[in-house]
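As numbered in mature numbering (1 follows the signal peptide of the UniProt record, and there is no 0), residues -19 to -1, 1 to 326 make up the sequence shown, in order. Each residue gets a CB set at the ideal place from its N, CA and C atoms; glycine is no exception.
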Amino acid sequence: MKFLILILLLVVLSGCTDAKVSNQNVSSSSNLLKVHFLDVGQADSILIQFPNGETALIDGGNREDGGFVVGYIKKIGINKINYIIATHPHEDHIGGLPEVIKNFDIGKVYMPNKTSNTKIFENLLKEIKNKGLKITRAKGGLSIIDTDDLKFTIIAPNSEKYDETNEYSIVNKLIYKNTSFIFTGDAERDSEEEMIKLGYNLKADVLKVGHHGGRTSTNYEFLKRVNPRFAVISVGKDNDYGHPHKEVLERLNRMGIKVFRTDELGTIIATSDGHKIDFNKDVAKNNNIVKNKKDNKIFYIGNKKTKVYHVPTCKSLPKQENRVIFHSREEAEKAGYKPHKNCIE
């Protein structure tokens, strides 16, 4: 499979160039910006309708979410997606994108310089090739749209040497007049610290919380720099990871940030006229309190390759694609896994 993926990459990257800035001002009957945080469970998919008439899709949920994402976009009356952003090659982000690419006219595709030896990644490359599309390598500093009133830029990744796939996540900042959004994919501490160090203007009204509210993202210093009024967490109800983690909810709560969660509210739509942002849902009462009981339980993370299991705080956790969750040591050992010597006594 590695050889096949390499061949596909060579084909789709053969015309790869840096992003060209769009100055197109497509006529539209609306001067509104709409951001749809689709309810795709324990996954991410965000549809953006720009006031210039263009559209972007950041991720497409899991493989089984493809049909839902396609149906949702068609129901709105959209037939072209100008920009596809595949934040990083994990199935819960790129899984539904092959189906999306099949069903719509596509403008540009942005991906980080990170591959994966998975069937879903191979399928994504095939659909990109079938449509005759080229991949634009995403990196911090690239502009996608740049007009006086509307700016859509990439502010991460800022390196090509991360230990974790999540750190390669494309992070976008969107500014429409006096309102702004940041979309973080699954970016974690290293990427967040780089964005701070490089001096990006991280201030935004709305933050899409990183990694479904996982404790390794949305670190306090990063959150202070963004200083959002609103936060959106895309997360599945009663998921096996305990997302959103209580540490993240506590950080958001301490700063008085209103939190919208897809596991409680379903699809969330934020609408901006350039001066104020309205949401289609009300914040659920006490939604900054941990409701996912699994977050308070001990669980273990197994490495599918080494057959070793770890505690979640271990410094030697496997990559996301190699993880399996166990809810007890007995469950892990019954499955043939051994405890990691350095993190489990």
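Quick one: what does DSSP say residue 241 is sitting in, helix, strand or coil?
What you label residue 241 is simply residue 260 of the sequence shown in a count that begins at 1. In the structure shown, residue 241 falls within a strand segment according to DSSP collapsed to helix, strand and coil.
Where does residue 315 sit, in a helix, a strand or coil, going by DSSP?
Looking up residue 315 in the sequence shown gives position 334. The answer is helix: DSSP assigns residue 315 an H, G or I state.
Residue 153 CB to nearest chain D CB: under 8 Å?
This model lacks chain D altogether; it includes just one protein chain.
Cβ-heavy atom distance, residue 205 to the ligand NAD, below 7 Å:
For the structure depicted, the ligand NAD is absent and the ligand set is empty, with no information on it obtainable.
List, from N- to C-terminal side, the alpha helix (DSSP H) runs of 4 residues or more that fit wholly inside the region 62 to 115.
Inside the region 62 to 115, DSSP marks whole alpha helix (DSSP H) runs of 4 or more residues at positions 72 to 75, 78 to 84, 100 to 111, from first to last along the chain.
Here's the rule I'm using: 16 or more other beta-carbon atoms within 10 Å means buried, otherwise exposed. How should residue 93 be labelled?
The residue you call residue 93 lines up with position 112 of the sequence shown. It is buried - the Cβ of residue 93 has at least 16 other Cβ atoms within 10 Å.
Nearest to residue 99 by CA position, among 120, 110, 71, 79, is which residue?
As a working mapping, residue 99 is identified with position 118 in the sequence shown. For the residues 120, 110, 71, 79, the minimum Cα distance to residue 99 belongs to 71.
The beta strand (DSSP E) enclosing residue 210, as first and last residue numbers:
As a first step, residue 210 must be located in the sequence shown, where it is residue number 229. Looking at the DSSP string, residue 210 is not in any beta strand (DSSP E), and its letter there is neither H nor E.
Just tell me which of 11, 20, 14 has its CA closest to the CA of residue 247.
The count along the sequence shown starts at 1 and reaches residue 247 at position 266. Closest in C-alpha terms to residue 247, from the list 11, 20, 14, comes 20.
Is it the case that the Cβ atoms of residue 192 and residue 175 are separated by a distance below 8 Å?
What you label residue 192 is simply residue 211 of the sequence shown in a count that begins at 1. What you label residue 175 is simply residue 194 of the sequence shown in a count that begins at 1. Taking 8 Å as the Cβ cut-off, residue 192 and residue 175 do not qualify as a contacting pair.
Within the chosen definition, does the region 297 to 304 reach the region 134 to 150 through at least 3 CB pairs nearer than 8 Å?
At 8 Å Cβ cutoff, the stretches touch.
C-alpha gap between residue 83 and residue 106, whole angstroms
For the purposes of this step, residue 83 is identified with residue 102 of the sequence shown, where counting begins at 1. For the purposes of this step, residue 106 is identified with residue 125 of the sequence shown, where counting begins at 1. Roughly 12 Å separates the two Cα atoms.
In angstroms with no decimal places, state the Cα-to-Cα distance between residue 111 and residue 102.
For the purposes of this step, residue 111 is identified with residue 130 of the sequence shown, where counting begins at 1. For the purposes of this step, residue 102 is identified with residue 121 of the sequence shown, where counting begins at 1. Take the alpha-carbon of residue 111 and the one of residue 102: they are about 14 Å apart.
What does DSSP give as the partner residues of residue 281 in its beta bridges?
Looking up residue 281 in the sequence shown gives position 300. In the DSSP output, where bridge partners are listed per residue, residue 281 has 307.
Spatial neighbours of residue 197 in its chain, beta-carbon cut-off 7 Å, leaving aside the 5 residues before and after
On the sequence shown, position 216 is the one that residue 197 refers to. The answer, listed in chain order, is 169, 170.
Indicate the three-state DSSP secondary structure (helix, strand or coil) for residue 273 in the structure shown.
The sequence position of residue 273 within the sequence shown is 292, counting from 1. Any reading at residue 273 needs caution, since the residue's pLDDT is 49, under 50, leaving its predicted position unreliable; the model's value is listed next. Under the three-state reduction of DSSP output, residue 273 falls in the coil class, being neither helix nor strand.
By the 10 Å Cβ neighbour count, where 16 or more other Cβ atoms means buried, how is residue 17 classified, buried or exposed?
Mapped onto the sequence shown, residue 17 falls at position 36. Label assigned to residue 17: buried.
Contiguous beta strand (DSSP E) assignments of at least 3 residues, all confined to the region 18 to 67
27 to 30, 36 to 39, 61 to 66, all fully within the region 18 to 67.
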